[in-house]
Amino acid sequence: MPQLTCIGDRIPCARIDAVHSRYERTVNFLHQESLISLHTFSDPRTALSVHLEGIDLPSIRSIERTPDSSLILNDQIKLDFDERHIYPASAFEHAARQSFPTALDVSALQALLLRQIIDNPLLVTLSGVLSCSGIFDRVVELKFRAAWNYWQQGQYLTTALSFKGRGKGSSPAGDDFLCGLLLGLKTREYSEGADFSNIRTVVFEAALGNNLIVNTLLNHAYQGWADSDFVALVQSLNNDSNGLHSAVQKILMHGSSSGADSLLGFVGAWS
Amino acid sequence: MFIQTHILDGKYLDSVKLMLISKELRKLSGVTEAVAITATVENKDILEATGMLTAEFQNATPGAIYIAVHADLADDAKQAINTAMDWIEHGIPGEHRANSQKTARSLSGALDALPEAKLALISVAGKYAAREAMKALEAGLHVMLFSDNVSLEQELSLKQYAVTNGLLMMGPDCGTAIIDGVPLAFANVVRSGKIGMVSAAGTGLQAVSSEIHNLGGGISQAFGTGGRDGKAEIGGLMLLQCLDYLIQDNDTEVIVLIAKLPHQGVIDQLLKRIQKTTKPVVINFLKQCSLPEYPNLYVTESLTQTAVQAYKLWKADATATPPELKAETTLPMPTSPLRKYLRGLYSGGTLCFEAQGLFAAATGITCESNAPIDAANTMADVWHSSGHSIIDVGADEFTVGRPHPMIDYSLRLKMLEAEAQHKDVAVLLFDVVLGYGAHSAPHLELIPVLKQIKRDTCIVMIASVIGTDLDPQNRMEVVTALRDAGAVVCTGNAEAVALAATVINYVSRNSQ
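Chains as they are written, first to last, in my numbering: chain A, 80 to 350; chain B, 673 to 1184.
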């Protein structure tokens, strides 16, 4: 029997049949220049993702969220959900505000990432040391080091343009890094009462391109719509140091290197 | 130097696949660099700097996949592109099932496609694992549950159902088994024979089955139970069920039972059964323990001893030490008096556990570990060793978010390099586990690092290679390559630990 285990809380009440892309365990539907992802056995659950079990994903051609808390697939399969299934994107804000007005201490997170992440051209932003061996990765690493220097000099637009679209992955590493950076800045706004909205807007607008997957991720990060794994990360930074390792491990499992890339961007927001 | 590129438009591949294609292409003959990336304007200057930018890229639709290969010869570059296209269409070897095999998206679909199936191997996220396993049991299938993160209550429920219905419920967290000659999950290829095994210790099963094969023996069945089966909460349900099967099995003449010391109630139940059979039973509880003296009960203290004992019982005229197990006679010693500590980095949890006990017995020294025999010796920080330590790199804290170290050597290589930087390290001890599921050529990963350590330090590197000549890897090539790189190579963990202890005892004496 098909089962709905998670429905994003920003899925519009509309019928959507424009498929943007299909992966082995994901179908991305296109709605107003944003993607809504259907997953099976897949994490993370994001503010725009629907998580299903027992569904033959390739056969799904349309989704519709109705006002009476139902999700209809292919105009036929009706799955009911209740509030418990709605992922609370606001949980991120709540988690991040817990430390207010004290700044979150990310030193343990930085130390963990230095140990956990290897062979990643973005690691240079944290360690300052070049460590990649492949020709392509080494060149990317040099580019990223230069890009990070711009950030440290306060040249935010140039930083975003230097990371944007660069590196490997269906969402290139540089874009994932920028997503993490945006989310980190948003976290600091919540936790410190700071205002980085100008910087965030400059970075977000510069980073937008013609890759819809990336644009959707950037928009999530810009708005502060974190997925549940990042919520857990911020919670652990606040009050549960024992949960830090587990939260980081879950994020590292995102994509191939997307999790690591976004984590490095996230801690970059504190530099 | 030649560059060959290909643009793939309108095709979406996830990052994991793109990365894997890049990695596998670089392994091809003559290929010096290869990338499979999303075509973005911004990646252009990177490709230019690496010499992998071609005119074809200029015409790429944003978001298309760009594959570029650098090779010594034009033919190699072209062949690599063709190979990449083949992988995209048909899957990367080792990543997907062969095309000729049937695929299904559910258990019922799998049973429709293969109605004669008798066993389900389940590897899904832990939260779904128990439910899927119960579905399989209810369908009358034996189950091997590779997944972990299943609660004790769920495990008990699954095993009770299995026992009631005469089914096998191997796992959860069961990584290896050999059923009717078929290796499952992480398992070695061994000849069929008359020695049956039941093990609640995964690499223990691999090590002993491999050594029995290397001695000339063979395996009738090798059941895994999952590491918690011997706990009081589970009551050894599968250990007992499998033992009963092996006692009854006409193809089994000698039984091997391996587990971390089970609960006393479980031991009592096992002993009752052993007392009632005439078949010889070799037990290794990976810890010194006191068991009654039954004429058919043989208690061993190392996995190698377990294999040798079982082999001898099967073949009465067996020689004690076949050539395969011959110890190396020339053992280098550290030349610096500052070097005095052992650092063990294991991929096999059972081997790590065994190493701690054997090392303590041989030296009187207790090692720290992330998976200690005694909780008092738990490492404070698994990433920073001090003194003597033996680490299970396959433990959760190292494997969540990255492949198991039997598959991916990158973390262990990094740890080996880090340990070699310490001026007080005398011995680096590690295992290399071969077989299905393990890295296809681990020596190629290890050689550069071992050579570097050999060149820069006087650290003694000792490796044990677990596997057989029938494994997918070329075992002799692995052993020879590690030796050539400067490591002392043993075929068993006990021998490797004994040699490590010899070095530590030597440096201890000379530092006094």
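We put the CB at the ideal spot given by N, CA and C, even for glycine.
{"query": "At least 3 beta-carbon pairs within less than 8 Å: the stretch 1162 to 1179 of chain B vs the stretch 1107 to 1126 of chain B", "result": "no"}
{"query": "Cβ of G735 (chain B) within 9 Å of any chain A Cβ", "result": "yes"}
{"query": "S325 (chain A): CB within 8 Å of a non-hydrogen atom of the ligand NAD", "result": "The ligand NAD is absent from the structure shown, which contains no ligand whatsoever."}
{"query": "Spatial distance of I1045 (chain B) from F1031 (chain B) (CA atoms)", "result": "12 Å"}
{"query": "Closest Cα partner of P180 (chain A) within the set A:A286, A:E268 and A:A285", "result": "A:E268"}
{"query": "Cβ neighbour criterion (16 or more within 10 Å) applied to P787 (chain B)", "result": "exposed"}
{"query": "CB contact flag (Q981 (chain B), Y966 (chain B), <9 Å)", "result": "no"}
{"query": "Closer than 9 Å to chain B by CB, E112 (chain A)", "result": "no"}
{"query": "Per-residue DSSP class, three states only, for S772 (chain B)", "result": "At S772 (chain B) the pLDDT is 46, less than 50, meaning the model places this residue with poor confidence; the figure from the coordinates comes in the next sentence. Coil at S772 (chain B), not helix or strand."}
{"query": "Chain B contact residues for R194 (chain A), given Cβ-Cβ distances below 8 Å", "result": "W1055"}
{"query": "DSSP beta-bridge partners of D628 (chain B)", "result": "Residue 628 (chain B) lies beyond the range of chain B shown here (673 to 1184); nothing can be said about it."}
{"query": "Chain A contacts made by the stretch 682 to 697 of chain B, where a contact means CB separation under 9 Å", "result": "Y684, L685, D686, S687, V688, K689, L690, M691, L692 and S694"}
{"query": "Rounded C-alpha distance that separates F957 (chain B) from L929 (chain B)", "result": "8 Å"}
{"query": "Beta-carbon proximity of G798 (chain B) to D748 (chain B), cut-off 9 Å", "result": "no"}
{"query": "Interface residues of chain B facing P251 (chain A) [CB-CB closer than 8 Å]", "result": "I709, T710, T712, E714 and N715"}
{"query": "Cut-off 6 Å between Cβ atoms - residues of its own chain near T1022 (chain B), not counting five sequence neighbours on either side", "result": "A873, T875 and G876"}
{"query": "Supposed close pair A792 (chain B), L813 (chain B) - CB separation, criterion 8 Å", "result": "5 Å"}
{"query": "Within chain B, the residues that N289 (chain A) reaches when beta carbons sit closer than 8 Å", "result": "P734 and G735"}
{"query": "Which of helix, strand or coil DSSP assigns to K247 (chain A)", "result": "coil"}
{"query": "Length of the line joining the Cα atoms of M1078 (chain B) and H1056 (chain B)", "result": "21 Å"}
{"query": "Per DSSP, the bridge partner or partners of R1015 (chain B)", "result": "B:S1061 and B:L1100"}
{"query": "Whole-angstrom distance between S141 (chain A) and V707 (chain B), CA atom to CA atom", "result": "35 Å"}
{"query": "8 Å Cβ shell around T677 (chain B) - same chain, five flanking residues per side excluded", "result": "M724, T726, E728, F729, Y738, I739, A740, V741 and I753"}
{"query": "DSSP state of L183 (chain A) mapped onto helix, strand, coil", "result": "coil"}
{"query": "For L791 (chain B): DSSP bridge partner residues", "result": "B:H814"}
{"query": "At least three beta-carbon pairs within less than 8 Å, the stretch 1132 to 1152 of chain B to the stretch 1093 to 1105 of chain B", "result": "yes"}
{"query": "Separation of M691 (chain B) from A1067 (chain B), as counted between CA atoms", "result": "25 Å"}
{"query": "Any 3 or more C-beta pairs closer than 8 Å across the stretch 328 to 345 of chain A and the stretch 300 to 317 of chain A", "result": "yes"}
{"query": "E1069 (chain B): contacting residues in chain A (beta-carbon distance under 9 Å)", "result": "H324 and Q328"}
{"query": "Local conformation of Q893 (chain B) per DSSP, three classes", "result": "strand"}
{"query": "Cβ-based contacts, 7 Å cut-off: residues of the stretch 212 to 242 of chain A near chain B", "result": "G213, I214, F215, V218, V219 and K222"}
{"query": "With 16 other Cβ atoms within 10 Å as the buried cut-off, status of K695 (chain B)", "result": "exposed"}
{"query": "Backbone secondary structure at C914 (chain B) - three-state DSSP", "result": "helix"}
{"query": "Contact set for E1149 (chain B): own chain, Cβ-Cβ below 8 Å, skip 5 residues either direction", "result": "H1115"}
{"query": "Continuous beta strand (DSSP E) stretch holding E705 (chain B): start and end", "result": "V703 to T710"}
{"query": "Within chain A, the residues that T659 (chain B) reaches when beta carbons sit closer than 7 Å", "result": "A query on residue 659 (chain B) cannot be resolved here, the shown segment of chain B reaching from 673 to 1184 and no further."}
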